[in-house]
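These notes are about the structure you will find just below.
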Ligand code: FES
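Residue numbers (the working numbering): 2 to 571.
In structure tokens:
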């Protein structure tokens with residue numbers, strides 16, 4: 002029996018209601034046969050000139066439209082709020098949940114049968130997948146693709162070099178002119194960051210979850226094959242609608258485990274944890290922060306990509322792309338998970354080949370034995386904290402040192418370069434009040450630039466601990482996402498300069514050398530200082546955002562409401 006398309010609840014109506022729904026569409030010059038019985042495909046676009054990584058997505062939408070039409074569907078493009086990581090203040094993460102609401106309500110409220118999610122820059126991908134998951138129509142992701150690799154003084158560069166250039170410039174090892182030249186050389190094409198930062202980790206996440214066609218993650222934005230992938234995705238979503246292949250059919254517990262294993266193999270961003278937890282919460286798959294450590298434990302780092310390695314996303318594509326990584330993980334992955342093209346993930350990668358073992362190593366001879374992400378517990382992070390051991394200094398993975406505490410980001414900025422700051426290479430920098438509620442929005446400031454006096458001595462890394470996040474392009478021995486965050490008044494909030502902090506990554510622990518009595522005494526004295534916003538979205542966010550170990554979603558957005566529209570005003 003043929004299913005009645007959802008869009009026909011609008012366009013298939015008789016009388017006044019149908020007249021209204023159809024007549025106003027016709028003002029765009031669209032004949033009625035376009036929406037009479039054809040699958041209507043929404044193209045959810047995060048295009049914006051204020052999101053440079055996504056600025057080319059309208060062009061990509063044209064390729065999607067060609068594919069939709071070719072398969073007998075009717076494409077309709079609609080905008081949602083976009084999040085440009087580099088321009089949005091105070092931090093794009095503050096608005097991830099807001100965009101997810103925009104996406105969810107835009108999809109449900111409109112006559113669409115399936116959706117193509119066009120995203121790229123960091124938060125745009127999880128925001129779109131979260132919102133679409135709460136509606137659960139057939140959906141496919143098309144990422145914008147990474148930039149071409151930057152070129153500076155004969156070297157390949159990408160966003161991770163920004164941190165190195167900043168340290169060199171601060172230490173007087175790079176002139177203003179060199180700094181400006183590097184600035185022009187880094188982002189030399191359309192697309193998102195070229196390293197395995199958060200945007201690339203998210204593109205790999207959707208491919209390993211099965212939400213995109215194979216090779217979505219790594220085809221450069223400037224490569225003509227990106228448009229081909231967009232057209233094929235447009236064609237495929239029409240078939241997905243006919244098959245009624247919904248997000249919940251693809252986003253199973255096994256698919257989440259696949260994504261966790263792949264993220265470990267590619268050295269993906271720490272932000273992956275927070276976003277995947279939030280997506281799982283929307284689609285109703287049980288997932289905890291412990292799962293990341295457990296599931297990824299047997300997986301070594303195989304992709305030699307910045308910031309943990311040497312190469313770039315462009316190199317990953319030329320080496321065979323994500324399917325070549327997946328094939329190497331064949332003994333670990335759940336190969337029977339269904340993906341957006343209707344085939345299993347194993348069917349998608351079984352013919353893949355690796356063309357460059359310097360970029361994609363093997364399970365037998367991995368690029369780095371260290372696991373990509375580890376979850377720590379201890380008396381300053383009772384609900385967990387995360388670290389990326391593959392991007393840390395091996396000699397600091399087991400370390401004790403005196404804390405140098407900054408109460409907030411302003412305090413850090415004011416004092417970090419004070420010549421009298423009691424800091425040396427053994428110290429542990431602690432930054433508080435940069436968590437979800439505390440900042441608010443949990444900015445990417447956790448990989449604090451080191452004090453100038455240490456940089457001048459040639460020190461490249463010391464242990465850093467915060468309740469904030471780190472850019473996926475960042476590196477160093479950086480402990481992030483401390484939960485509960487400081488403004489909730491827990492143990493982390495009462496650490497003082499001079500306290501001894503011990504990190505032991507192999508034992509998965511992070512502790513301050515204080516008794517429970519002393520911690521309690523300090524907590525009673527401390528007045529917690531939650532951030533305050535009198536009105537608007539930020540007020541809503543502060544009052545409802547959950548802690549990092551739960552995915553930092555708004556508590557009332559968990560789960561979904563399906564695609565049914567309950568009331569009908571016409
Ligand atoms: Fe957009 Fe890096 S700034 S992906």
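We put the CB at the ideal spot given by N, CA and C, even for glycine.
Item checked: For review: beta carbons within less than 5 Å of any heavy atom in the ligand FES -> Result: 54, 86, 87, 122, 193, 194, 200.
Note to self: Using 8 Å as the threshold, is the C-beta distance between residue 81 and residue 41 below it?
What the structure shows: Taking 8 Å as the Cβ cut-off, residue 81 and residue 41 do not qualify as a contacting pair.
Notebook entry, point to check: Per DSSP, which one or two residues make a beta bridge with residue 22?
Noted result: Secondary-structure assignment with DSSP links residue 22 through no beta bridge to anything.
Next item on the list: Pull up the distance between the alpha-carbon of residue 408 and that of residue 434, whole angstroms please.
Entry: Taking the straight line joining both Cα atoms gives about 7 Å.
Item checked: Residues bridged to residue 503 [DSSP beta-bridge criterion] -> Answer is 401, 512.
Check: Skipping 5 residues on each side, what residues in its chain have a beta carbon closer than 6 Å to that of residue 236?
Finding: Around residue 236: 68, 71, 72.
Notebook entry, point to check: If residue 422 sits next to residue 341, beta carbons under 8 Å apart, how far is it from one beta carbon to the other, in whole angstroms?
Noted result: Actually they do not touch by this definition, with Cβ atoms about 52 Å apart.
Check: Which stretch, first to last residue, makes up the alpha helix (DSSP H) that contains residue 141?
Finding: For residue 141, no alpha helix (DSSP H) encloses it; the enclosing beta strand (DSSP E) starts and ends at 140-144.
Next item on the list: State the start and end residues of the unbroken alpha helix (DSSP H) segment that holds residue 235.
Entry: Here the alpha helix (DSSP H) through residue 235 covers 225-244.
Next item on the list: Tell me whether the beta-carbon of residue 205 lies closer than 8 Å to the beta-carbon of residue 323.
Entry: Yes.
Notebook entry, point to check: Which one or two residues does DSSP pair with residue 46 in a beta bridge?
Noted result: Answer is 80, 119, bridged to residue 46.
Checklist line | Sequence-distant residues of its chain with Cβ nearer than 6 Å to residue 231 (five each side left out) | finding: Contacts found: 61, 64, 65, 143.
Item checked: Closest Cα partner of residue 429 within the set 417, 436, 437 -> The residue with the shortest Cα to Cα distance from residue 429 is 417.
Checklist line | residue 419 (DSSP reduced to helix, strand or coil) | finding: Note: residue 419 maps to coil in three-state DSSP.
Check: Any idea which residues DSSP pairs residue 147 with across the strands?
Finding: DSSP output for residue 147 lists 193 as bridge partner(s).
Notebook entry, point to check: Which residue spans inside the stretch 433-464 form an unbroken alpha helix (DSSP H) run of at least 4?
Noted result: Within the stretch 433-464, the complete alpha helix (DSSP H) runs of at least 4 residues are 453-457.
Note to self: Can you look up residue 381 in the DSSP assignment and give me helix, strand or coil?
What the structure shows: Note: residue 381 maps to coil in three-state DSSP.
Check: Counting Cβ pairs closer than 8 Å, one from the stretch 503-511 and one from the stretch 340-358, do we hit at least three?
Finding: No, the stretch 503-511 does not touch the stretch 340-358.
Next item on the list: Give the DSSP-derived three-state secondary structure of residue 363 in the structure shown.
Entry: Note: residue 363 maps to coil in three-state DSSP.
Notebook entry, point to check: Who are the near neighbours of residue 556 in its chain, counting only those whose CB is closer than 6 Å to its CB and skipping five residues on each side?
Noted result: Result list for residue 556: 545, 547, in chain order.
Notebook entry, point to check: To the nearest angstrom, how far is it from the Cα of residue 389 to the Cα of residue 419?
Noted result: Roughly 29 Å separates the two Cα atoms.
Next item on the list: Could you say which of 115, 550, 325, 153 lies nearest to residue 359 if we only look at CA atoms?
Entry: The shortest C-alpha to C-alpha distance from residue 359 to any of 115, 550, 325, 153 is the one to 325.
Notebook entry, point to check: Grouping DSSP H, G and I as helix and E and B as strand, with all else coil, what is residue 304?
Noted result: Of the three classes helix, strand and coil, the one that applies to residue 304 here is strand, per DSSP.
Next item on the list: Could you say which of 186, 234, 337 lies nearest to residue 252 if we only look at CA atoms?
Entry: With distances taken between Cα atoms, residue 252 lies closest to 337.
Checklist line | C-alpha distance - residue 35 paired with residue 23, whole-angstrom precision | finding: So the two alpha carbons sit approximately 10 Å from each other.
Note to self: According to DSSP, residue 467 sits in a beta bridge with which residue or residues?
What the structure shows: Answer is 432.
Next item on the list: On a CA-only basis, which of 488, 459, 461 is nearest residue 467? Give me that one, please.
Entry: Answer by Cα proximity: 488.
Next item on the list: Alpha carbon to alpha carbon, how far is residue 95 from residue 533? Give it in angstroms, no decimals.
Entry: Between residue 533 and residue 95, the C-alpha separation is close to 14 Å.
Next item on the list: Can you have a look at residue 20 and say buried or exposed, based on whether 16 or more other CB atoms are within 10 angstroms of its CB?
Entry: Within a 10 Å sphere around the beta-carbon of residue 20 sit fewer than 16 other beta-carbons, which makes this residue exposed.
Next item on the list: With a threshold of 16 other CB atoms inside 10 Å of the CB of residue 538, please say whether the residue is buried or exposed.
Entry: So residue 538 counts as exposed.
Notebook entry, point to check: Using the rule of at least 16 other Cβ atoms within 10 Å of the residue's Cβ for burial, across every protein chain shown, is residue 5 buried or exposed?
Noted result: Under a 10 Å Cβ-count criterion, residue 5 is classified as exposed, with fewer than 16 other Cβ atoms of the shown protein chains found around its own Cβ.
Check: So, helix, strand or coil for residue 546, using DSSP?
Finding: Here residue 546 sits in strand by DSSP.
Margin query: Let me check understanding here. Comparing Cα to Cα, which of 369, 365, 464 lies closest to residue 396?
Written below: Nearest option by C-alpha distance: 464.
Checklist line | Pairwise C-alpha distance: residue 404 and residue 101 | finding: So the two alpha carbons sit approximately 38 Å from each other.
Notebook entry, point to check: Below 8 Å between beta carbons: does that hold for residue 128 and residue 269?
Noted result: In this structure, residue 128 keeps its C-beta atom at 8 Å or more from the C-beta atom of residue 269.
Margin query: Between the alpha carbons of residue 399 and residue 381, how many angstroms are there, rounded?
Written below: Rounded to whole angstroms, residue 399 to residue 381 spans 16 Å at the Cα level.
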